[in-house]
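Contents: one structure, followed by commentary.
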């Protein structure tokens, strides 16, 4: 008998329970032993729900049952979930988790503990929600040298940016609607400031580049400064604004960031809208490959968790430790690459004079004005070159630069 316990019966945990209950007969037949949900650990009362008969509020009930061979960890937060995960692995139980905070902070340690105890620690749902991307990186694409990942990794911010672009509403109004629809938390900081996406791109990059990437090394910029004017300037120039987690491996160093970027229509991520997520992986042999789907939600995320459960049922031991547990990636903290930039600013100077100056002297494209805001797209420049350009703009034309967004061609 293969018993499974779920720790945390919130949105994702209840979805996992639903699938395990529904698929019990199919899983048992497939693996030729009874596979079943046995316990759910949660502090809440669940009378009148299908989960009530599995409920326990005492973790020792799980620890004392040797037939419970796998723990699904869907408790959020860091310390409490980490401690339970560690204890489960040390007790010789497999763990599947959707908790990106735990994986980003303690993934190396927990993977090693699992290996030492001849069990597995899997976390497909931690980086892409319902999108299967970790297993393809580990298996299907492992014959490639992955050199870049771009991802729309947060459904909340993608919904907000889509709303702003398509309907011209403000960031505040789009956020309020996202909260009303349950797409954003009451405290949206982790989403709108990019921290959620930073953890996810760090997890994916660690796997892809075979060296641990600390999420604290991710250069992170959120979407609070994006306005409807930015979207209009972007559209006029043929771009879409998306919050992108992006990493690149070049000359043995990883450049990694989360920031709003202008994407051309030729970029596969530019048409990913609303709460949907997508991950674009670039490899030496496969070229560009897109993974697209629901990045969050009860059943999509639970589906990814169940995929890990099935993987463990079929392959209960790990042959070797992943490369990222053995070495750290070298982070490029002085990225001198060049990119075009969208610059939004205000000024009382003559628009014709600005257009003539920036186009003739700097090869920039003047986008005119929207609601008394002006827009320019620079030529490809490094950060230092842009700083010099902005200095001229502010001193010569007394411009006040309100926002700068990088462009990916």
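Residue numbers (my numbering): 1 to 409.
Backbone N, C-alpha and C fix where the C-beta goes; we use that ideal spot for every residue, glycine too.
Mind checking which residues open and close the beta strand (DSSP E) that includes residue i?
i: residue 6; result: 2-7
i: residue 23; result: First-last for residue 23: undefined, no H or E at that position.
i: residue 257; result: 253-264
i: residue 46; result: First-last for residue 46: undefined, no H or E at that position.
i: residue 365; result: 365-370
i: residue 401; result: 400-407
i: residue 357; result: Segment 351-362 is the alpha helix (DSSP H) holding residue 357; no beta strand (DSSP E) there.
i: residue 303; result: That residue, residue 303, is in no beta strand (DSSP E); its alpha helix (DSSP H) goes 298-314.
i: residue 189; result: From DSSP, residue 189 is part of no beta strand (DSSP E) but of the alpha helix (DSSP H) over 189-192.
i: residue 288; result: 287-294
i: residue 345; result: 341-346
i: residue 439; result: Coverage of the chain is limited to positions 1 through 409, which leaves residue 439 absent and any answer about it impossible.
i: residue 68; result: 68-73
i: residue 240; result: 239-250
i: residue 282; result: 276-283
Which whole-angstrom value is the C-beta distance of residue i and residue j, which I expect to be below 8 Å?
i: residue 119; j: residue 74; result: About 18 Å separates the two Cβ atoms, so there is no contact after all.
i: residue 62; j: residue 34; result: In fact, because the Cβ distance is near 18 Å, the residues do not count as touching under 8 Å.
i: residue 354; j: residue 347; result: 7 Å
i: residue 332; j: residue 254; result: 6 Å
i: residue 228; j: residue 169; result: 7 Å
i: residue 444; j: residue 386; result: Outside the shown range of the chain, which is 1 to 409, sits residue 444, and nothing can be said about it.
i: residue 307; j: residue 300; result: With 8 Å as the limit, residue 307 and residue 300 do not qualify as a contact, their Cβ atoms being about 11 Å apart.
i: residue 208; j: residue 149; result: 6 Å
I need the straight-line Cα distance from residue i to residue j, nearest angstrom please.
i: residue 41; j: residue 271; result: 40 Å
i: residue 312; j: residue 7; result: 18 Å
i: residue 341; j: residue 237; result: 12 Å
i: residue 221; j: residue 83; result: 30 Å
i: residue 68; j: residue 111; result: 20 Å
i: residue 336; j: residue 269; result: 24 Å
i: residue 356; j: residue 252; result: 42 Å
i: residue 248; j: residue 377; result: 24 Å
i: residue 409; j: residue 243; result: 15 Å
i: residue 185; j: residue 12; result: 15 Å
i: residue 81; j: residue 101; result: 9 Å
i: residue 361; j: residue 10; result: 58 Å
i: residue 379; j: residue 407; result: 10 Å
i: residue 265; j: residue 57; result: 51 Å
i: residue 259; j: residue 234; result: 15 Å
i: residue 373; j: residue 239; result: 18 Å
i: residue 76; j: residue 381; result: 41 Å
Determine, for residue i, whether the minimum Cβ-Cβ distance to residues of chain B falls below 8 Å.
i: residue 341; result: No chain B appears in this structure, which consists of one protein chain only.
According to the Cβ coordinates, are residue i and residue j closer than 8 Å?
i: residue 107; j: residue 256; result: no
i: residue 133; j: residue 279; result: yes
i: residue 123; j: residue 156; result: no
i: residue 205; j: residue 192; result: no
i: residue 403; j: residue 163; result: no
i: residue 297; j: residue 277; result: no
i: residue 151; j: residue 324; result: no
i: residue 201; j: residue 218; result: yes
i: residue 14; j: residue 51; result: yes
i: residue 198; j: residue 245; result: yes
i: residue 344; j: residue 375; result: yes
i: residue 223; j: residue 171; result: yes
i: residue 318; j: residue 115; result: yes
i: residue 262; j: residue 405; result: yes
i: residue 397; j: residue 349; result: yes
i: residue 72; j: residue 21; result: no
Could you spell out the range, first to last residue, of the alpha helix (DSSP H) harbouring residue i?
i: residue 102; result: 100-116
i: residue 129; result: Where residue 129 is concerned, there is no enclosing alpha helix (DSSP H), given that its DSSP letter is neither H nor E.
i: residue 231; result: 228-236
i: residue 397; result: 383-397
i: residue 200; result: 195-209
i: residue 161; result: 155-167
i: residue 80; result: 79-90
i: residue 171; result: 171-180
i: residue 62; result: 59-63
Any chance the CB of residue i is under 7 Å from a heavy atom of the ligand MG?
i: residue 59; result: Only the bare structure without any ligand can be found here, which leaves the ligand MG out of the picture.
Item to check | Meets three-Cβ-pair contact criterion under 8 Å: the segment 316-334 and the segment 386-406 | outcome: Three or more beta-carbon pairs separated by less than 8 Å are not found between the segment 316-334 and the segment 386-406, which leaves the two stretches without contact.
Item to check | Meets three-Cβ-pair contact criterion under 8 Å: the segment 133-152 and the segment 284-294 | outcome: yes
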